[in-house]
Amino acid sequence: MLKSPLLNCAGSPKRRPTNITTGAISSGDMVAISTKKRYGIITGFVASIKDNTVEITSDHTLPRKGEERYFMDRIESLSTHSMQMANVAGFMQDEALRNDLRRFIIDLDVPEAGKITKSDLARIKPLLSKLSREQARAVVKALICKNYTLIEGLPGAGKSTTLAAVVKCFLLFGKSVLVTSHTHSAVDNLFEKLLDDIPADDMLRIGNAKSVKLKVSHLCIEEKLKSITTERYEAMKKMLTSVKVVGATCLSVCSHPLFSFRRFDVCLVDEASLAVESSLLAPLSACSRFVLVGDAKQLAPLVQSRDAKELGMDVSLFERLQVHKESQASLTSQYRMNSRIAALASKLFYDGLLKCATDEVANGRLQISEYHGNASISLVFSPLLEHSVVFVDTDSAGNDDAKMSMEGRGATSNVYEAAIIGEMCGKFLKFGVCASDIGVICTYRRQVEVVRSQIGDSRIEVNTVDQFQGRDKSVIIWSLVWTRGDSRCELLNDRRRINVAITRPKHKLILIGCRQSMAEVSSTMNELLNLIPPSDVLRPTDL
Numbered sequence: 053m054l055k056s057p058l059l060n061c062a063g064s065p066k067r068r069p070t071n072i073t074t075g076a077i078s079s080g081d082m083v084a085i086s087t088k089k090r091y092g093i094i095t096g097f098v099a100s101i102k103d104n105t106v107e108i109t110s111d112h113t114l115p116r117k118g119e120e121r122y123f124m125d126r127i128e129s130l131s132t133h134s135m136q137m138a139n140v141a142g143f144m145q146d147e148a149l150r151n152d153l154r155r156f157i158i159d160l161d162v163p164e165a166g167k168i169t170k171s172d173l174a175r176i177k178p179l180l181s182k183l184s185r186e187q188a189r190a191v192v193k194a195l196i197c198k199n200y201t202l203i204e205g206l207p208g209a210g211k212s213t214t215l216a217a218v219v220k221c222f223l224l225f226g227k228s229v230l231v232t233s234h235t236h237s238a239v240d241n242l243f244e245k246l247l248d249d250i251p252a253d254d255m256l257r258i259g260n261a262k263s264v265k266l267k268v269s270h271l272c273i274e275e276k277l278k279s280i281t282t283e284r285y286e287a288m289k290k291m292l293t294s295v296k297v298v299g300a301t302c303l304s305v306c307s308h309p310l311f312s313f314r315r316f317d318v319c320l321v322d323e324a325s326l327a328v329e330s331s332l333l334a335p336l337s338a339c340s341r342f343v344l345v346g347d348a349k350q351l352a353p354l355v356q357s358r359d360a361k362e363l364g365m366d367v368s369l370f371e372r373l374q375v376h377k378e379s380q381a382s383l384t385s386q387y388r389m390n391s392r393i394a395a396l397a398s399k400l401f402y403d404g405l406l407k408c409a410t411d412e413v414a415n416g417r418l419q420i421s422e423y424h425g426n427a428s429i430s431l432v433f434s435p436l437l438e439h440s441v442v443f444v445d446t447d448s449a450g451n452d453d454a455k456m457s458m459e460g461r462g463a464t465s466n467v468y469e470a471a472i473i474g475e476m477c478g479k480f481l482k483f484g485v486c487a488s489d490i491g492v493i494c495t496y497r498r499q500v501e502v503v504r505s506q507i508g509d510s511r512i513e514v515n516t517v518d519q520f521q522g523r524d525k526s527v528i529i530w531s532l533v534w535t536r537g538d539s540r541c542e543l544l545n546d547r548r549r550i551n552v553a554i555t556r557p558k559h560k561l562i563l564i565g566c567r568q569s570m571a572e573v574s575s576t577m578n579e580l581l582n583l584i585p586p587s588d589v590l591r592p593t594d595l
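Following this note's numbering, the numbering of the sequence shown begins with 53 at its first residue and continues without gaps.
Okay, here's the thing in structure tokens:
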């Protein structure tokens, strides 16, 4: 394990020390370490990231030459584009499986559904008994689909629990399952849920053991073969042809030799609403039927080209197939947010369908040890249910210190907001809130660095909206940053990104920014802030 402090990243303006947990590099990424004179001294995989330190697993040692400055670059696969093109070409082959697939993906034919017998229902009853009624219905719908089904998982609705049950039920009926997603973390998270109930011999994780989570790395081919000293070829052949559950990223399915000869009964795609459609063609072509899981009202596929967006590349297959509502099961009862926070997302994005699963969830409150109705303590720190959502208005129009600064493309920050957030976090810690229960979301990557410098506690997670997708915290503070009402802010006009931000907290959501600017640059933010009672709108002086 190579552990090296990151001194600078290639391309950082003015050689400013860069905090890599802003999302430029993530765990599992392949990276190259270079100097100004030599590129690619070593390559390896990112094992973990913390503050300005990155741990890399590599077969080589980094040479030390005094105070030489090192650069780290994420290695983007040069073959990704060609693999996507190959997916499309393969998808158009004239064979029965792909002909059927095109009927549903291109022609949007209505999928067929079968029926479940009483005896089959009795077999899976022990698994369904651990789920809510809504989750159980989704599992059954996935089991009886003949072509495909969709599972729409709203924020906090127990999607992972439902997916694990789907896999276990298919195995109970002797079906083979391919689990895939566009990220390693999504595949690993589902595999972690299956570890206690499925023997390791029945599971295989495709990918380099260094790029997957430690808990599931023993399921990789190279790790499984370590204990085999003779007839390794036969052992590997048997493993690849008979293993019941295989997990791989979408791109791994495109390139791994296993999928050139192996077909599966069902393909389960997690976070399908985040995947570019062309990346799904290879996994879907490797299976007889498929289940897509996602939420089209949260983050869409990441597409940077404006031309590609205009042509629809940022519209996921999950979203397109939602035209057939009868093929979809929805998980609308959530186990994360209390009733006040959930009501915001439900009204703004889900037509009132998002609801709390239990009274305990609905009445969930922040645990503050020193707050007992003390009038001297700001509402920002109040654990009372009615104060679960608070907005701190910096009023930049009347305060030049509160205005944002722009140092170049993407380098947008607001030191004033960061200082207030630092003060808030300090008080939350003083009041007994665990640092690991606090999260700070920043609209811009540069603001992440600024906020971290103000907080000074690495246990408090600070990151962008995108990096918080799929995560939750007891307390979420959202730094809006933007204060220019005379120009458009794309990030704050993205309804899906706003949806992700406000559905991360369990008990307390604090937004900090300029109210007037939000009203001028974003109709969605304006609508959101209008839902917050005036009594829960504060000024920095009220803290």
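Positions of the beta carbon are idealized from the N, C-alpha and C atoms, including for glycine.
Item: Selected residue, minimal CA-CA separation from isoleucine 599, among Glu283, Ser331, Ile554 and Phe342; Value: Missing from the structure shown is residue 599; the chain here goes from 53 to 595 and no further.
Item: Cβ contact check for the region 229 to 236 and the region 278 to 291: 3 or more pairs under 8 Å; Value: no
Item: Exposed unless 16 or more other CB atoms sit within 10 angstroms - verdict on arginine 567; Value: buried
Item: Between the CA atoms of proline 586 and isoleucine 472 - distance to the nearest angstrom; Value: 20 Å
Item: Where the beta strand (DSSP E) containing methionine 255 begins and where it ends; Value: 255 to 257
Item: Methionine 82 at chain B interface by Cβ criterion, 8 Å; Value: The question asks about chain B, but that chain is absent: this structure has only one protein chain.
Item: Same chain, Cβ closer than 6 Å to alanine 350, neighbours up to 5 away in sequence not counted; Value: The question names alanine, yet the displayed sequence has glutamine at residue 350. Arg548, Asn551 and Val552, listed in sequence order.
Item: contact_flag[the region 302 to 309, the region 210 to 223] where n(CB pairs < 8 Å) is 3 or more; Value: no
Item: Three-pair Cβ contact test at 8 Å for the region 535 to 543 versus the region 573 to 582; Value: yes
Item: Beta-carbon contacts of leucine 310 that lie in its chain and below 6 Å, excluding the five residues immediately before and after; Value: Leu292
Item: C-beta contact flag for alanine 603 and isoleucine 203 at 8 Å; Value: Nothing can be reported for residue 603, as the shown portion of the chain is limited to 53 through 595.
Item: Identity of the residues DSSP links to arginine 126 by a beta bridge; Value: Val83
Item: Residue burial classification, glutamine 356 (beta-carbon count within 10 angstroms, cutoff 16); Value: exposed
Item: For arginine 126 and lysine 182, the rounded distance between their alpha carbons; Value: 42 Å
Item: Residue from Gln499, Leu332 and Leu563 whose Cα sits closest to the Cα of valine 467; Value: Gln499
Item: 7 Å CB neighbourhood of arginine 488 in its chain, flanking five on each side removed; Value: Here residue 488 is serine; the residue named in the question, arginine, does not match the sequence. So the list reads Arg511, once near-sequence residues are dropped.
Item: Euclidean distance between Cα positions of alanine 409 and tyrosine 387; Value: 6 Å
Item: Same chain only: Cβ atoms within 7 Å of leucine 180, ignoring 5 sequence neighbours per side; Value: Ala188 and Val191
Item: Rounded C-alpha distance that separates aspartate 453 from aspartate 594; Value: 17 Å
Item: From Arg121, Gly142, Thr113 and Cys272, residue whose alpha carbon lies closest to that of valine 298; Value: Cys272
Item: Buried/exposed call for methionine 255, threshold 16 Cβ in 10 Å; Value: buried
Item: Exposure of proline 178, with buried meaning 16 or more beta-carbon neighbours within 10 Å; Value: exposed
Item: Local Cβ density within 10 Å of serine 486, reported as buried at 16 or more and exposed below that; Value: Note on identity: in this sequence residue 486 is cysteine, with serine being the wrong assignment. With fewer than 16 Cβ atoms within 10 Å of its Cβ, cysteine 486 is classed as exposed.
Item: Alanine 571: first and last residue of the uninterrupted alpha helix (DSSP H) it sits in; Value: 567 to 573
Item: The beta strand (DSSP E) enclosing arginine 417, as first and last residue numbers; Value: Counting along the chain, arginine 417 falls outside any beta strand (DSSP E), and DSSP gives it neither H nor E.
Item: Segment limits, alpha helix (DSSP H) that includes asparagine 551; Value: 547 to 554
Item: Lysine 349 in three-state terms, based on DSSP; Value: coil
Item: Cut-off 8 Å between Cβ atoms - residues of its own chain near leucine 130, not counting five sequence neighbours on either side; Value: With a pLDDT of only 48 at leucine 130, under the threshold of 50, the placement of this residue in the model should not be trusted; the figure read from the coordinates follows. Cβ within range, chain order: n/a, list empty.
Item: Alanine 381, enclosing beta strand (DSSP E) - first and last residue; Value: 380 to 383
Item: DSSP beta-bridge partners of proline 557; Value: Lys525
Item: Reference lysine 265, options Glu244, Gly522 and Ser86, closest by Cα; Value: Glu244
Item: Between the CA atoms of serine 379 and serine 457 - distance to the nearest angstrom; Value: 48 Å
Item: Cβ neighbours of proline 335 in the same chain (closer than 7 Å, five flanking residues each side left out); Value: Leu230, Thr232, Cys302, Val305, Cys319 and Val321
Item: Distance between leucine 354 and valine 631 (C-alpha atoms, nearest Å); Value: In the structure as shown, the chain starts at 53 and stops at 595, and residue 631 therefore has no counterpart that could be examined.
Item: C-alpha distance - leucine 418 paired with proline 557, whole-angstrom precision; Value: 10 Å
Item: Cut-off 6 Å between Cβ atoms - residues of its own chain near lysine 55, not counting five sequence neighbours on either side; Value: The predicted model places lysine 55 with a pLDDT of 43, which falls under 50 and marks its position as unreliable; any figure quoted below should be read in that light. Correct list, in chain order: Glu107.
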